[in-house]
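Using the numbering used here, the first residue of the sequence shown is number 1488, and each one after it goes up by one. Don't be surprised by glycine CBs; every beta carbon is placed ideally from N, CA and C. If you're wondering where the values come from, they're calculated on a predicted model, not measured in any experiment.
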Amino acid sequence: MWILFGFILIMFLIIVSASIVYSTLKYGISPMPSSSKVKKCIEEVLPDRVEGKVYELGCGWGALAFRLASLYPEAEIQAYEVSPMPWLYTYILQRIYRFSNMTLYWKDFYLDSLEDASLIVCYLYPGAMERLKKKFEEELKPGTLIVSNTFAIPGWEPEQVIKVNDFYRTKVYVYRSK
Ligand SMILES: C[S@@+](CC[C@H](N)C(=O)[O-])C[C@H]1O[C@@H](n2cnc3c(N)ncnc32)[C@H](O)[C@@H]1O
1488 MWILFGFILI MFLIIVSASI VYSTLKYGIS PMPSSSKVKK CIEEVLPDRV
1538 EGKVYELGCG WGALAFRLAS LYPEAEIQAY EVSPMPWLYT YILQRIYRFS
1588 NMTLYWKDFY LDSLEDASLI VCYLYPGAME RLKKKFEEEL KPGTLIVSNT
1638 FAIPGWEPEQ VIKVNDFYRT KVYVYRSK
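Written out as structure tokens, the structure reads:
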């Protein structure tokens, strides 16, 4: 009985790890969450109210998306994740905690339009920011607030760059679309 249980557990861990490694290689970023200091810094730069939709591009294990959902109960949170295990984990937590103002997509965020975004939050990688720059310029309405953990939008002038007091001296970039 215990041998069977141990075998199932090991197989489960292998499948979870393989799936995370596969998605990391395919999409260029692991599901590493923003640290608590960075999350706090992001919260400090966010407005008190948001009208319209809030997008989290690559929500990982969901902690930041859930925080956004509780900060903005009036807004619709659109959380995207492609990696199956983080998505599944977030899906289960969302079912448990019933964040009714959050929609979770197991989907590549490049496939959907961002034209109705009022706020975008992301923690991605340089290649994604390069690709998003074009998408932002084509789709965002003027005045959309963008908050990016660590990675700048190439060629855009940030409204603010905050240096977080953490080990990596992480930068949080704040932009507003023109
Ligand atoms: C570094 S994690 C950030 C997680 C979370 N946003 C946070 O700050 O705690 C980046 C996540 O973006 C996801 N991702 C990368 N490219 C994506 C895409 N095109 N569509 C949806 N998710 C994507 C990755 O799978 C990964 O889980």
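Asked: Check for me: the beta strand (DSSP E) holding C1609 runs from which residue to which?; Found: 1604 to 1609
Asked: Beta-carbon separation of E1543 and Y1567 under 8 Å?; Found: yes
Asked: Who pairs with I1633 in a beta bridge, going by DSSP?; Found: I1607, Y1662
Asked: Measure the alpha-carbon distance for E1531 versus K1513 and round it to whole angstroms.; Found: 33 Å
Asked: Give the C-beta separation of F1623 and I1640 to the nearest angstrom, bearing in mind that I take them to be a contact with Cβ-Cβ under 8 Å.; Found: 7 Å
Asked: Look up I1502 in the DSSP assignment and give the residues it is bridged to.; Found: In the DSSP output, where bridge partners are listed per residue, I1502 has none listed.
Asked: Look up T1577 in the DSSP assignment and say whether it is helix, strand or coil.; Found: helix
Asked: According to DSSP, simplified to helix, strand and coil, what is Y1655?; Found: coil
Asked: Less than 7 Å between the CB of Y1672 and some heavy atom of ligand 1, yes or no?; Found: This structure leaves residue 1672 out entirely; the chain is present only between 1488 and 1665.
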